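Everything on this sheet refers to the single structure shown next.
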Amino acid sequence: MIVDVLKAFAIGICASAPLGPAAILVLQKSLSYGHRAGFYTGLGATTIDTTYATLSIFALAWTQDFINTYEYTIYLIGGPIVALLGASMAFKDPFRKLKNGNPSRGASIKDYAEAVLTALSNPGAAFVMFALFAFFNVNAGRSGFSVLPIILGVAAGSMAYWFTFSYIFSKIRNVIKMSALVWLSRIAGIIVMIIGIALLGEGTFQLFFNKV
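Residues 921 to 1132 (my numbering) make up the sequence shown, in order.
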């Protein structure tokens, strides 16, 4: 069991590491508002990663069928959400509070909710979780509370990653000029916007292709 929990911890780190929309959102929050805001945003991504881990253990086959069936719907709904979030990141000034002498506004439930919505819009993350469970050969063939340590291991690995990620970038912001921070935030927002538009385009293509 201890080995499987350690593997689950590694899975949580590996699942969080790819630079997707959630990671870019955590980066922007860390640069804009500090460590606590960035980490709280990362907890939103951790929630979805842990959910996917739970589904991987209890309902792997059903979850894959569900995502395959409704993938384009998820894209059509999630794409605009991610694009609008990216536009907000790109065109507003997230550093106005820094200029007013308030370098960190702390954590906000909005940060957490934005990360949850962003992570949910990327169903491919579920397949990443499935692949990681297979790669690490975790013995998930358990039932009831016996799987809880594995689920908690994934959550702990993800939280450890986001804590470190947000901490590093919240410290970097203190040595970077304000103008550079603004442009980094805008670039991050544009990247998120492009990802959202790509998701919407993919969903539209799949919808049209399935009807033809």
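Every residue gets a Cβ at the ideal spot worked out from N, C-alpha and C, and that includes glycine.
On a predicted model such as this, the values are computed, not experimentally measured, just so you know.
So, with DSSP's three-state summary, where would you put residue i?
| i | result |
| --- | --- |
| Ser1008 | helix |
| Gly1079 | It should be noted that the sequence gives Met, not Gly, for residue 1079. Three-state result, Met1079: helix. |
| Ser952 | helix |
| Asn930 | Note that residue 930 is Ala in the sequence shown, not Asn. Looking at Ala930 - three-state DSSP - the assignment turns out to be helix. |
| Gly962 | helix |
| Met1049 | helix |
| Met921 | coil |
| Ser1090 | helix |
Hey, out of the options, whose CA is closest to residue i's CA?
| i | options | result |
| --- | --- | --- |
| Leu963 | Val925, Tyr995, Val1112, Val1036 | Val1036 |
| Ala1108 | Cys934, Ile944, Tyr972, Ala957 | Ile944 |
| Val1112 | Leu947, Phe959, Ile931, Ala935 | Leu947 |
| Pro941 | Ala1027, Glu1122, Gly1006 | Gly1006 |
| Asn1042 | Ser1086, Gly1077, Tyr1087, Asp969 | Asp969 |
| Ala930 | Ile1115, Phe1125, Phe1055 | Phe1055 |
| Lys1091 | Ala973, Gly1077, Phe978, Phe959 | Phe959 |
| Ile1088 | Ala935, Leu951, Asp1031 | Leu951 |
| Thr971 | Phe1125, Ile1110, Val1048, Leu1104 | Val1048 |
Check this for me: beta carbons of residue i and residue j, under 8 Å apart or not?
| i | j | result |
| --- | --- | --- |
| Leu1119 | Val1002 | yes |
| Ala957 | Ser1066 | no |
| Ile1070 | Val1058 | yes |
| Gly954 | Gly1073 | no |
| Ala1039 | Ala973 | no |
| Gly1123 | Leu996 | yes |
Requested in this report: Evaluate the contact criterion for the segment 991 to 1000 versus the segment 922 to 931: three or more CB pairs, one atom per stretch, below 8 Å.
Outcome: no
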